[in-house]
Amino acid sequence: MTVQELPGAGASHRSTQPPAWSPRTDAAPLLPDPEPYRVLGTEAADRLDPELMRRYYAELVRGRRYNAQATALTKQGRLAVYPSTVGQEACEIAAALVLEDQDWLFPSYRDTLAAVARGLDPVQALTLLRGDWHTGYDPREYRIAPLSTPLATQLPHAVGLAHAARLRGDDVVALAMVGDGGTSEGDFHEALNFAAVWQAPVVFLVQNNGFAISVPLAKQTAAPTLAHKAVGYGMPGRLVDGNDIAAMHEVLTEAVRRARSGGGPTLIEAVTYRMEAHTNADDATRYRGDAEVEAWKAHDPVDLLERELTARGIIDEAAIQAVREDAEAMAAALREGMNADPVVDPMDLFAHVYAEQTDRLREQAAMLRAELEAEDQA
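If you're matching positions, the sequence shown starts at 39 in our numbering and goes up one per residue.
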């Protein structure tokens, strides 16, 4: 049956206009700036807080040394895998330092440096990647959610925690980190949609490091920027230079403050670059050239801040040397901790699967216990 054959259809039918309609939100204030926001090397750098910048510089140097040491541990067989954040340290450290103690950080598998900057022991941060334990730390103690290996699954969790905290009247903001590849996952859409509808106190930080393993951003999205995606959900989108730690601090601080005051979520795209391979198991030369990497080295986050602070007299050679020595001490402690053979109880496999073990799980635990006892008696 066609439309013309429907009852009432014919010459007497006249189309009617829909009721008056207007957009729920003015899109203009939600749109990101056309260029990534920058501070270092601009007039905005005149307002830098020297004490804060010295702290950020120390954390950047420690972060770079942490990355180098963790990568070396993979070559020594002490780590099964390590996703380096060399080149992304400004994103990682700013994300950790803008949060209050009661806030929550929701990292991806690449964000161990953010967890360390928030106060987690480096050995505990790497325990998951070592294959020794599910997480390696108590999430409630540090307010750091378990490192998320599946892409973007931590984002809905962040929204749920933040929404629940607001319903309870708790002063809590959740900051969820994800890579550009994670924005292609359904979890990304679901998290942003719920966060905006509920006006949850969440900040979404997308580290756009150019590649989802070997897939460049242009093969994932045709959007002008990832920050533009915020408009479709009804939240502000911010575009920031992810290698400029002063800019990262300002943008993240503003977004956290907005979330805490009831203003709802913000999507931030930090434009950065993954200097090293996706992990130690990846050969990045198969999908990008050396010239591209070299071009980004000129925009290294550690060097950017060091040049700015040196030129302004905020740090000198003695301060730089002291920071490097502190970083070396951290690396030595990390090596010592990772070189100690862990004490692993195989029965722990069954300890944290369910609050109450199922019959099947108890049977499996009994089988393993019997096997271990038989080995001990052999």
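The beta-carbon is built from N, C-alpha and C at its ideal position, and this holds for glycine as well.
**OP:** Can you grab the Cα-Cα spacing for the pair A118 / H316, in whole Å?
**Re:** If you draw a straight line from the Cα of A118 to the Cα of H316, it comes to about 14 Å.
Original post:
Span of the beta strand (DSSP E) holding G275?
Top reply: Judged by DSSP secondary structure, G275 falls within the beta strand (DSSP E) whose first and last residues are 275–279.
Original post:
From H227 to A256, what does the alpha carbon distance come to, in whole angstroms?
Top reply: Approximately 19 Å, taken between the alpha carbons.
**OP:** List the DSSP bridge partners of S186.
**Re:** Beta-bridge pairing links S186 to S146.
**OP:** Tell me whether D338 is buried or exposed, calling it buried when 16 or more other Cβ atoms sit within 10 Å of its Cβ.
**Re:** Buried: at least 16 other Cβ atoms inside 10 Å.
Subject >> Candidates R85, Q126, R92, of which the one nearest G101 by Cα >> reply: Nearest of R85, Q126, R92 to G101, Cα basis: Q126.
Subject >> Beta-ladder partner(s) of M215, from DSSP >> reply: Note: M215 is bridge-paired with L243 in the DSSP secondary-structure output.
Original post:
Whose C-beta lies closer than 6 Å to the C-beta of L111 among residues of the same chain, with five residues either side of it excluded?
Top reply: Cβ neighbours of L111 within its own chain (closer than 6 Å, five residues either side excluded): L117, M376.
Original post:
Looking only at its own chain, which residues have a Cβ that is under 8 Å from the Cβ of Q395, when we skip the five neighbours before and after it?
Top reply: Annotation for Q395: F388, A403 place their beta carbon closer than 8 Å to its own, counting only its chain and skipping 5 residues before and after.
**OP:** From the DSSP output, read off the bridge partner residues of F249.
**Re:** According to DSSP, F249 bridges with P254.
**OP:** Just tell me which of G351, V278, L372 has its CA closest to the CA of L77.
**Re:** The residue asked about is misnamed: residue 77 is Val in this sequence, not Leu. Residue V278 holds the alpha-carbon nearest to the alpha-carbon of V77 among G351, V278, L372.
Original post:
If you check the beta carbons only, do E314 and V124 fall under 7 Å apart?
Top reply: Using a Cβ distance threshold of 7 Å, E314 and V124 count as a contacting pair.
**OP:** Would you check if the distance between the CB atom of A152 and the CB atom of A133 is smaller than 7 Å?
**Re:** Contact flag set, yes.
**OP:** Specify the secondary structure class of L305 as computed by DSSP and reduced to three states.
**Re:** Of the three classes helix, strand and coil, the one that applies to L305 here is strand, per DSSP.
Original post:
Which residues bound the alpha helix (DSSP H) around K335?
Top reply: 328–335 is the extent of the alpha helix (DSSP H) around K335.
**OP:** Would you check if there are 3 or more beta carbon pairs closer than 8 Å linking the segment 350–359 to the segment 130–150?
**Re:** The segment 350–359 is not in contact with the segment 130–150.
**OP:** Identify whether Y75 lies in helix, strand or coil by the three-state DSSP scheme.
**Re:** In this structure, Y75 counts as strand in the three-state DSSP scheme.
Original post:
How would you label S60, buried or exposed, when you count the other beta carbons within 10 angstroms and need 16 or more for buried?
Top reply: Under a 10 Å Cβ-count criterion, S60 is classified as exposed, with fewer than 16 other Cβ atoms of the shown protein chains found around its own Cβ.
Original post:
Do you know how far the Cα of A183 is from the Cα of L213?
Top reply: Whole-angstrom Cα-Cα distance: 10 Å.
Subject >> Reference M286; option with closest CA among L137, P239, R298 >> reply: For M286, the closest C-alpha among the options L137, P239, R298 is that of L137.
Original post:
Quick one: does the C-beta of A261 sit closer than 6 Å to a heavy atom of the ligand MN?
Top reply: With respect to the ligand MN, the structure offers nothing, as it holds no ligand at all.
Original post:
N105 by DSSP, collapsed to three states: which one?
Top reply: In the three-state scheme derived from DSSP, where H, G and I count as helix and E and B as strand, N105 is classed as helix.
**OP:** Give the range of the alpha helix (DSSP H) segment to which I358 is assigned.
**Re:** Segment 355–377, the alpha helix (DSSP H) holding I358.
**OP:** Could you tell me if K113 is buried or exposed, where buried requires 16 or more neighbouring beta carbons within 10 angstroms of its beta carbon?
**Re:** Flag for K113 reads exposed.
**OP:** Return the CA-CA distance between Q55 and V235, expressed in angstroms with no decimal places.
**Re:** In this model, Q55 and V235 are separated by some 28 Å (Cα to Cα).
Subject >> Spatially closest choice to N8 from Y95, I353, M405, by CA coordinates >> reply: In the structure as shown, the chain begins at 39 and stops at 416. Residue 8 is therefore absent and cannot be evaluated.
Subject >> the segment 317–325 / the segment 68–85 touching (three or more Cβ pairs under 8 Å) >> reply: The segment 68–85 and the segment 317–325 do not touch, with fewer than three beta-carbon pairs separated by less than 8 Å.
**OP:** Could you pull out every residue in the same chain whose Cβ sits closer than 6 Å to the Cβ of E223, ignoring the five residues on either side in sequence?
**Re:** Around E223: L189, A190.
Original post:
Candidates L98, G302, R345, L399: which alpha carbon is nearest H201's?
Top reply: Nearest C-alpha to H201: G302.
Subject >> Whole-angstrom distance between E409 and A416, CA atom to CA atom >> reply: Taken atom to atom, the span from the alpha-carbon of A416 to that of E409 is near 11 Å.
Subject >> Beta-carbon separation (whole angstroms), R276 vs I306, contact threshold 8 Å >> reply: Yes, they are in contact, since the Cβ atoms of R276 and I306 sit about 5 Å apart, within 8 Å.
**OP:** Compare the beta carbon distance of V241 and T304 with 7 Å and say whether it is the shorter of the two.
**Re:** In this structure, T304 lies closer than 7 Å to V241 by Cβ.
Subject >> Beta-carbon separation (whole angstroms), T173 vs N246, contact threshold 8 Å >> reply: Not really, about 27 Å apart at Cβ, beyond 8 Å.
Original post:
Helix, strand or coil: how does DSSP classify I131 here?
Top reply: Correct three-state label for I131: helix.
Original post:
Among D218, A238, F232, V269, which residue has its Cα nearest to the Cα of G248?
Top reply: Nearest option by C-alpha distance: D218.
Subject >> Close-in-space but distant-in-sequence residues of the same chain around L347 (CB under 7 Å, 5 per side omitted) >> reply: Only M91, Y95, I353 meet the Cβ criterion.
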